[in-house]
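For the sequence shown, the working numbering assigns the number 1 to the initial residue and increments by one for each residue that follows. Glycine is no exception: its CB is placed at the ideal position from the N, C-alpha and C atoms.
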Amino acid sequence: MSTIVVLVKNVPDTWSTKTLEGDHTLDRTNVDSVIDEINEYAVETALRIKEAEPERFNVVALSMGPAGSEEALRKALAMGIDDAVLLSDDALAGSDAVATAWALTNAINTIEDVALIVMGNESSDGSTGTLAGLLSEYRQIPALTQVGPVAVTGDVVNATRVDELGQWELEASLPAIVSVTEKAEKPRFPNFKGLQAAKKHEITVLDAATASVDPAHVGLGHSATVVQAAEEVPAREAGEIIDSGSAEDIAAQVVAKLAEKNLI
């Protein structure tokens, strides 16, 4: 049986107030954490592919994060995936996108017969949107990125990308990677049985050594990206109200203001 690996991430809730630690990494201990919403679309995509050929595929969710970050995996289990793996090690803390992709590709290597890797197009906390491309390079397999609906027929994966230039029908031979957007299939709600089963399911936990990840290539001190300084975005100032003159005068003033700020 072939495996679909779906990548999920535990992230600070969108509505939480986010702060940085002294080393400029995100404070993840004093916020409510949830599965990244785009990951639910990735899980749904993986489940639909499996349900089309239940005798061919099983689905494993993989996450990388600190101790206690199983929340995203539990949600994926509740939705109906078969198994879950957490890569967790203090040596991984502060890894940038390149180091994260390297650690994840090593973790994927511990899973047998991987035919397809499914993920969201970008995380809500990092927003780099580079993981699919980096994994594609590390694993030397094709990646279909920024796509909506996905289907597998035989040894070919098909997907549709819609952007400002039009609609594109993409395909690649397996093994492959896909990154989905919110134009993918709408995620299902876990039922009570799924929620109960997810609470009891044993999650496989890997450390860096078990996943053959050399600490010299990951973590804050070894990442290619180093944040030197950070500051809060200044509070937004009150806007200007233009209400004098005729409708034509007001429109002209608005256009002039926009042009002044290089917005048109």
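Ranked by how close their Cα comes to the Cα of PHE189, the residues LEU135, LEU77, LEU116 have LEU77 in first place.
Under the criterion of beta carbons closer than 8 Å, LEU174 and THR110 do not qualify as touching, at roughly 19 Å. Between the segment 180-187 and the segment 208-226, the count of Cβ pairs shorter than 8 Å is below three; the stretches do not touch. Within the DSSP secondary-structure output, PHE57 pairs in a beta bridge with SER2.
Residue pairing by DSSP puts ASP163 in a beta bridge opposite GLY166. The Cβ atoms of ALA101 and LEU131 lie closer than 8 Å to each other. At a cut-off of 4 residues, the continuous stretches assigned as alpha helix (DSSP H) that sit fully inside the segment 82-169 are 97-108, 131-139.
When C-beta atoms of the segment 111-129 are compared with those of the segment 230-241, fewer than three pairs fall below 8 Å, so the two segments do not count as touching. Taking C-beta separations shorter than 7 Å and ignoring five residues to either side along the sequence, the partners of ALA91 in its chain run ALA208, PRO215, VAL218, GLY219, following chain order.
For the pair GLU171 and VAL152, the CB atoms are not nearer than the 8 Å cut-off. Within a 10 Å sphere around the beta-carbon of SER95 sit 16 or more other beta-carbons, which makes this residue buried. A distance below 8 Å separates the beta carbons of LYS50 and ASN58.
Excluding five sequence positions before and after TRP168, the CB atoms of its chain that fall closer than 8 Å to its own CB belong to THR160, ARG161, VAL162, given in chain order.
Relative to ILE242, the option among GLU231, LEU258, MET1 whose CA is nearest is LEU258. Beta-bridge partners assigned by DSSP to ILE203: none are found. Residue environment analysis places VAL254 among the exposed positions, since fewer than 16 neighbouring C-beta atoms fall within 10 angstroms of its C-beta. Residue environment for GLN228: exposed (fewer than 16 other C-beta atoms within 10 angstroms of its C-beta). The beta carbon of VAL60 sits closer than 8 Å to the beta carbons of THR3, ILE4, VAL5, VAL6, ILE81, ASP82, ASP83, ALA84, VAL85, ILE111 from its chain, once the five residues preceding and following it are set aside; these are given in chain order.
ILE177: member of the beta strand (DSSP E) spanning 176-180, first to last residue.
Excluding residues up to 5 positions away in sequence, ALA101, TRP102, THR105 lie with their Cβ nearer than 8 Å to the Cβ of TYR138 in the same chain.
In this structure VAL180 is in contact with ALA42, their Cβ atoms being roughly 5 Å apart against a cut-off of 8 Å.
Taking LYS199 as the centre and dropping the five residues before and after it, the same chain places the C-beta of ARG74 closer than 8 Å to its C-beta, in chain order. The C-alpha of ASN262 lies about 10 Å from the C-alpha of ALA256. For ALA256, the three-state secondary structure derived from DSSP is helix. For ILE203 and ALA197, the gap between their C-alpha atoms comes out near 12 Å.
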